[in-house]
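Residue numbers (the numbering used here): -14 to 225.
Every residue gets a Cβ at the ideal spot worked out from N, C-alpha and C, and that includes glycine.
Inspection log for the structure reproduced underneath, given as structure tokens.
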Ligand code: F6R
């Protein structure tokens, strides 16, 4: 696991966009694993800037998103479908047919999860997976638990995640379940890049880097990945 520490979130965004740009230029038909939340927003802005400057094209790029809430309409302002379109897809030349976001309203969640993993395999696997990290050490919506998950699955969100993400929802309307790539789906990515900024992530980052590999801190599994890079600011690194 490689750890790079930066002064600002803007510097992280440039470094992260550099990693993605290099791949997209070298392999225009690459497969990207993407994340939502606050952490990747500046990176997406940086990628849009490079697209607008004619330095990047997403014409052949395929994407798979980590997760999606259950029981939330796809066009809800808080769905990850909406988030990805507002923060990246609507501003670049990606083809909608190449965008894959789990259907959190699928009648058969297991079938939806299996089809998603199969689509990743069919696309040739994920070249780079982008991750944020929860204050409880979750990646995707793989919450702390007793065993590492395998493929994509339906998960009950923990109180910690509900507390962190409720700020986006009115009147306690945040969904309690989500579909998420499993730990094994994430670990199959050829390269993984995790972004963390701010004091609130310091405990999780310490446990991820210096702690034992345990499903109690799902991100700690990244210690076992052959090509995982953590891009973090000084606040998130303060306990290292
Ligand atoms: C989002 C996701 C989550 C977030 C994490 C951090 O697709 O899978 O694991 O990456 O909750 O969220 P932020 O970046 O908002 O602090």
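* Contact set, the ligand F6R heavy atom to C-beta under 5 Å -> Result (chain order): 20, 21, 22, 23, 24, 51, 52, 117, 119, 125.
* **Outcome for residue 14 when other beta-carbon atoms lying within 10 angstroms are tallied against a minimum of 16** => With fewer than 16 Cβ atoms within 10 Å of its Cβ, residue 14 is classed as exposed.
* Environment of residue 226 [buried if 16+ CB atoms lie within 10 Å] -> Outside the displayed span of the chain (-14 to 225) sits residue 226, for which this structure offers no information.
* Asked: Taking contact to mean at least 3 C-beta pairs separated by less than 8 Å, is the region 24 to 37 in contact with the region 58 to 65?
  -> A contact between stretches requires three or more CB pairs, one per stretch, nearer than 8 Å, and the region 24 to 37 fails this requirement with the region 58 to 65.
* Which of helix, strand or coil does DSSP assign to residue 216? -> Strand.
* Asked: So what's residue 113 in DSSP terms, helix, strand or just coil?
  -> Note: residue 113 maps to strand in three-state DSSP.
* Which residues share a DSSP beta bridge with residue 53? -> For residue 53, which the question treats as bridged, DSSP gives the partners 164.
* Looking at the structure shown, is residue 45 part of a helix, part of a strand, or coil, going by DSSP? -> Residue 45 falls in the coil class under three-state DSSP.
* Could you check how far apart the C-beta atoms of residue 236 and residue 193 are, in whole angstroms? I think they sit under 8 Å. => With the chain covering only -14 through 225, there is no way to say anything about residue 236.
* If we ignore side chains and look at the alpha-carbon of each, how far apart do residue 205 and residue 36 end up? -> Between residue 205 and residue 36, the C-alpha separation is close to 34 Å.
* For residue 55, decide whether its Cβ has a neighbour in chain D, counting only Cβ atoms nearer than 9 Å. => Of the chains in the structure shown, none is chain D; there is only one protein chain.
* Out of curiosity, what's the CA-to-CA distance linking residue 39 and residue 9? -> So the alpha carbons of these two residues sit roughly 13 Å apart.
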